[in-house]
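Working notes, beginning with the structure itself.
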Amino acid sequence: MVRWSGLTDRGRVRQNNEDAFLALAIDSHEVRYLGKIGEAPLASNDFVFAVSDGMGGAKSGEIASKLAVDRITQLFPPTLRKSRASKPEARIEVLNTLFASIHQDLTLLSRSYEECSGMGATLSLCWVAQDQLYFAHIGDSRIYHYPLAGGSRQLTDDHNHVGWLRRKGQINEREARMPPLRPSLPQAMGAGLRHIEPQVGTVPYAVGDRFLLCSDGVIDGLWDRNLDELIRETPVTPGNSVARGIVEEAIKNSGGDNATAVVVEFLLPEAASP
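Counting with the working numbering, you get residues 1 to 274 for the letters of the sequence shown.
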C-alpha cells in the first residue's frame with residue numbers, strides 16, 4: 001500500500017501562491033488525480049508525486065509552477081506505455097525527456113509574452129513504479145528519503161552555489177541559511193536558461209519507508225532534524241496529515257515564502273486505514 005498527503009499554503013507574507021503540487025495514479029491508458037490525502041494498493045498502478053515552485057514577476061511564477069505540473073499529467077500516459085515493461089534505463093530516459101519538454105514549453109511561453117519574460121520553476125518528482133522509486137529534480141525544492149530503520153537522506157541536490165558548498169562540506173546547514181549566502185538559482189525550468197541538467201535517479205523502497213517532497217518555503221521554516229521528527233511522529237487522523245503538520249509548522253516558524261509538502265509512505269496492507 002502507498003499512503004500520501006499533500007498541502008500547499010501561500011504563507012504569511014506572499015500575496016499569491018507560486019507553489020503547486022501533484023498526486024496522480026497512472027496506467028498506460030489514463031490518469032487519475034488523487035486527493036490531498038489517501039491510500040491505494042500498489043499492484044495495479046504507478047504513482048507520480050511532484051512539487052514545483054514558480055518564479056517570475058507579477059503572477060508568472062504561479063503560471064510556471066502550474067504549467068509544470070499540468071504538463072506531467074499530459075505527457076506521462078503516452079511515455080508510460082513505452083516504458084512500463086522496460087529496463088530502468090528507459091524509465092530514466094522518460095524522465096529526462098519529460099523535463100526537457102517542460103523546459104521547452106516554459107521557455108516558449110516566456111519568449112512569447114512580455115509579462116512572462118524570465119518565468120521559471122523548480123520541479124521535484126517521484127515516480128513510484130512496481131520495483132523502485134524513480135526521481136527527477138531541478139532547482140532548490142527537495143526530495144528526502146526516510147528509511148524505516150531511521151535516519152534520513154536528501155536525495156536531491158540544491159542546484160545553486162550554497163548547495164555546492166554544502167555538498168563539499170565547506171558550510172553546514174546553519175551557515176547555508178545566513179543572508180550573505182542566500183542562493184541564486186542557476187538551474188531551473190525556463191528562467192531564460194538555454195540548457196538544463198536535471199538530476200535523475202532511482203532508489204529502492206521498502207515497507208515503512210517515507211519520502212518527502214517540499215518547496216524551499218518548508219526548508220526556510222524547519223531544520224532537517226525537525227523534518228525527521230514531524231515525518232516520523234505526526235499522528236495520522238481524519239483531520240490531520242503528515243504534510244499538514246509540516247506545512248503548518250514551517251509557516252509558524254517562518255512564513256516568509258509559500259510552503260508545500262507532499263509525503264509518501266509505504267505500508268503493509270493490514271496497516272492501512274480502515
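Backbone N, C-alpha and C fix where the C-beta goes; we use that ideal spot for every residue, glycine too.
Straight-line Cα distance separating residue j from residue i
{"i": "Gln132", "j": "Ser44", "result": "15 Å"}
{"i": "Gly217", "j": "Ser141", "result": "9 Å"}
{"i": "Ile37", "j": "Glu197", "result": "32 Å"}
{"i": "Asn253", "j": "Thr260", "result": "14 Å"}
{"i": "Ile102", "j": "Val203", "result": "24 Å"}
{"i": "Asp228", "j": "Ser112", "result": "43 Å"}
{"i": "Ala280", "j": "Leu42", "result": "There is no way to answer for residue 280, as the model of the chain reaches only from 1 to 274."}
{"i": "Val264", "j": "Leu98", "result": "22 Å"}
{"i": "Pro147", "j": "Asp209", "result": "5 Å"}
{"i": "Ser124", "j": "Phe76", "result": "15 Å"}
{"i": "Ile73", "j": "Val48", "result": "Inspection of the sequence shows that residue 73 is occupied by Thr rather than by Ile. Taking the straight line from one Cα to the other gives about 9 Å."}
{"i": "Gly277", "j": "Arg14", "result": "Lying before the first or after the last residue shown, residue 277 is absent from the chain, which here runs from 1 to 274."}
{"i": "Glu173", "j": "Arg225", "result": "11 Å"}
{"i": "Ile138", "j": "Leu67", "result": "15 Å"}
{"i": "Gly35", "j": "Gly150", "result": "28 Å"}
{"i": "Arg3", "j": "Pro238", "result": "13 Å"}
Spatial neighbours of residue i in its chain, beta-carbon cut-off 6 Å, leaving aside the 5 residues before and after
{"i": "Asp257", "result": "Gly11, Gly217 and Asp220"}
{"i": "Val207", "result": "Phe266 and Leu268"}
{"i": "Ile92", "result": "Val200"}
{"i": "Leu230", "result": "Gly245 and Ile246"}
{"i": "Arg32", "result": "Ala25"}
{"i": "Ser152", "result": "Tyr144, Tyr146 and Asp228"}
Among the options, nearest to residue i - alpha-carbon criterion
{"i": "Val128", "options": "Val13, Gly35, Gly201 and Ala188", "result": "Gly201"}
{"i": "Val262", "options": "Met1, Leu7 and Asp157", "result": "Leu7"}
{"i": "Glu115", "options": "Thr122, Thr237 and Leu106", "result": "Leu106"}
{"i": "Ser215", "options": "Asp224, Ile143, Tyr205 and Trp223", "result": "Ile143"}
{"i": "Pro186", "options": "Ala50, Met55 and Asp70", "result": "Met55"}
{"i": "Gly118", "options": "Leu109, Leu125 and Ser124", "result": "Leu109"}
{"i": "Arg194", "options": "Leu125, Ala100, Trp4 and Tyr33", "result": "Ala100"}
{"i": "Met1", "options": "Glu39, Ala243 and Glu30", "result": "Glu39"}
{"i": "Tyr134", "options": "Val69, Phe211 and Ala188", "result": "Phe211"}
Cβ neighbours of residue i in the same chain (closer than 8 Å, five flanking residues each side left out)
{"i": "Val247", "result": "Leu7, Thr8, Asp9, Val218, Ala259, Thr260 and Ala261"}
{"i": "Asp46", "result": "Ala25, Ile26, Asp27, Leu80, Arg84, Trp127, Val128, Ala129 and Gln130"}
Contacting residues, own chain, Cβ-Cβ under 7 Å from residue i (five flanking each side not counted)
{"i": "Gln154", "result": "Arg142 and Tyr144"}
{"i": "Ala243", "result": "Ser5, Gly6, Leu7, Ala261, Val262 and Val263"}
Does the pairing of the segment 10-27 with the segment 60-69 give three or more beta-carbon distances under 8 Å? Contact between the segment 10-27 and the segment 60-69 is established, with three or more Cβ pairs separated by less than 8 Å.
Can you list, in chain order, the stretches of the alpha helix (DSSP H) that have 4 or more residues and sit fully within the segment 170-236? 173-176, 216-221 and 224-233
Quick check for students: name the residue ranges of the beta strand (DSSP E) that lie wholly in the segment 112-167, counting only runs of 3 or more. 123-128, 133-138 and 142-146
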